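Scroll down for the structure; my scribbles are underneath it.
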Amino acid sequence: MISNTKSILSRQTIEMIVQEHFGKDIVIDNITELTEGWFNAIYVLSFAGQGVHGYKELVLKTGVQSSKYVLSYEQDIMRAEVLVYSLLEDTIVPVPRIITQDFSKSLVDFDYCFMEKLQGSNWMKLDEQITPGNKEKLIAELAGYTAAIHNVKGDFFGYIKEDKKFQFPDWSSAFKGMMNTMIQDGREQGLDLPYDAILSAFEPLWVILNEITVPALVNFDMWSKNIMLAEKDGNYYIDAIIDHERAFFGDPYAEFISSATICGDVLKSQTFMENYSLVSGKPFTFTRNDRIRLYMYNIYLTLLMGVEVYRYNEEDTKQRIAYCNWKIPNDLLELKEYLVQKE
């Protein structure tokens, strides 16, 4: 994916960064850019000799240069990802090991980190090779890991930032702040999206967000491309869950939007509900207000998709904006119809 947020590095720059952290005697055999990502530039580095700390390969993930435009919540986003990896270290959730990171911007004008290279591939790539029985086992694993992520609790609601303006005492003010900031970013870019229709529909609904009283860790980007699989004895298993940079502390059920891209509506998957409940330590319940909140999160995510078009070329931007201007009104109508239904 071509994106103007990616920090495209020369071999010389990569060698400079590597030698700064691991020594002047480290020799890079090969550098391969992973082009699937939409935001960060990612490079797989292969080393000569003994490698680095016993690793023959490492991944270098780079943030966005300070001079480039990003959305408000995307500022210093890699720092959130590294923090989430540390929060998950003592859980059952498989994540790649962070070898080192540098957020000082003393060497280059962007944050970066080195992490271990995973040997498998993502679920999206392997999906057609997965048997129905194997998929059920993967959904069970996914449900358990999802619950384990949600078992991690925060001290505030909102995106995981050091900046206090992103931290809120309750979920209603946090999500309202997230929405208002996204709308502000969209308007500043001059993007024609149905902001007022969203705010009007959400105005009587903010109050039900405060039924969420405990800030749970939410990945909010856990779709098949961010779930790495490995193979053993002819079956795939989840080797790692990656890309936690867009995580926040809030309503754990917001996660089910991305879960649905893999297993459909989680309420229709007994496997998901049972295994989520097993790890969460409490019965899986889902109320009418949970469904309303899920509509709200889905609309927020679609708005985000529209506002983040600054990264893309003109044709991709037109297509994305057209899609969002079709989907958001339809989702708002569906929400309105759901609200008038009898319980």
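Residue numbers (my numbering): 148 to 490.
The beta-carbon is built from N, C-alpha and C at its ideal position, and this holds for glycine as well.
Here the structure is a predicted model, which means the values were calculated and not measured.
Nearest Cα to Gln222 within the set Leu479, Ile468, Glu455, Leu480: Glu455.
Rounded to whole angstroms, Val165 and Asp258 show a C-alpha spacing of 14 angstroms.
The shortest CA-to-CA distance from Gly280 to any of Leu156, Lys272, Tyr384, Ile173 is the one to Tyr384. Burial check for Tyr470: the Cβ neighbour count within 10 Å stays below 16, so the residue is exposed. If you draw a straight line from the Cα of Thr238 to the Cα of Glu392, it is about 18 angstroms long. For Tyr232, the CB contacts under 7 angstroms within the same chain, skipping 5 residues up- and downstream, are Val242, Ile245, His391 in chain order. When rounded, the separation of the alpha-carbon atoms in Tyr444 and Trp473 is 17 angstroms. In this structure, the straight-line span from the alpha carbon of Leu265 to that of Phe395 is close to 25 angstroms. Measuring C-alpha to C-alpha distances from Gly267 to each of Glu378, Phe367, Gln336 identifies Glu378 as the nearest. Annotated three-state conformation of Ile374 is strand, per DSSP. DSSP lists Val206, Ile245 as the beta-bridge partner residues of Met262.
Selection Phe250, Ala188, Asn373, Met163 evaluated against Ser154 yields Ala188 as nearest (Cα-Cα). For a cut-off of 8 angstroms, the C-beta gap from Ile345 to Ile439 is around 14 angstroms, too long to register as a contact. Distance between Asn382 and Tyr342, taken at the CA atoms: about 46 angstroms.
Classified as exposed, Ala195 has fewer than 16 neighbouring CB atoms from the shown chains inside 10 Å of its CB.
Taking a C-beta distance under 9 angstroms as the contact criterion, Tyr442 and Tyr485 qualify as a contact pair.
When only Cα atoms are considered, Gln466 and Asp478 end up about 18 angstroms apart.
Nearest Cα to Gln276 within the set Leu376, Ser347, Thr360: Leu376. Its chain contains Thr418 as the residues whose beta carbon lies nearer than 7 angstroms to that of Glu283, once the 5 sequence neighbours on both sides are disregarded; these appear in chain order. Less than 9 angstroms divides the Cβ of Asn373 from the Cβ of Asn366. Judged by their CB atoms, Glu402 and Ala287 are not nearer to each other than the 9 angstroms cut-off.
Under a 10 Å Cβ-count criterion, Leu254 is classified as exposed, with fewer than 16 other Cβ atoms of the shown protein chains found around its own Cβ. Exposure of Met163 is indicated by the presence of fewer than 16 other C-beta atoms within 10 angstroms of its C-beta. Runs of the beta strand (DSSP E) lying entirely within the segment 337-410, each at least 3 residues long, are 363-365, 374-379, 382-388, 395-397 in chain order. Counting only residues of its own chain and dropping the five nearest sequence neighbours on each side, Ile173 has a CB closer than 7 angstroms to the CB of Val165, Gln166, Phe194, Val199. DSSP places Ser268 in the strand class (E or B) of the three-state scheme. The Cβ atoms of Ile475 and Thr449 sit closer than 9 angstroms to each other. When the alpha-carbon of Val361 is set against those of Val299, Met369, Val211, Lys215, the nearest one is in Val299.
Taking a C-beta distance under 9 angstroms as the contact criterion, Leu192 and Val206 qualify as a contact pair.
Considering only Thr432, Cys410, Ile468, the residue with the shortest C-alpha distance to Met271 is Cys410. Sequence-distant Cβ neighbours of Tyr220 in its own chain, meaning closer than 6 angstroms and more than five residues away, are Tyr306.
In the displayed model, Ser154 falls within coil according to three-state DSSP, outside both helix and strand. Beta-bridge pairing by DSSP links Thr179 to Val191.
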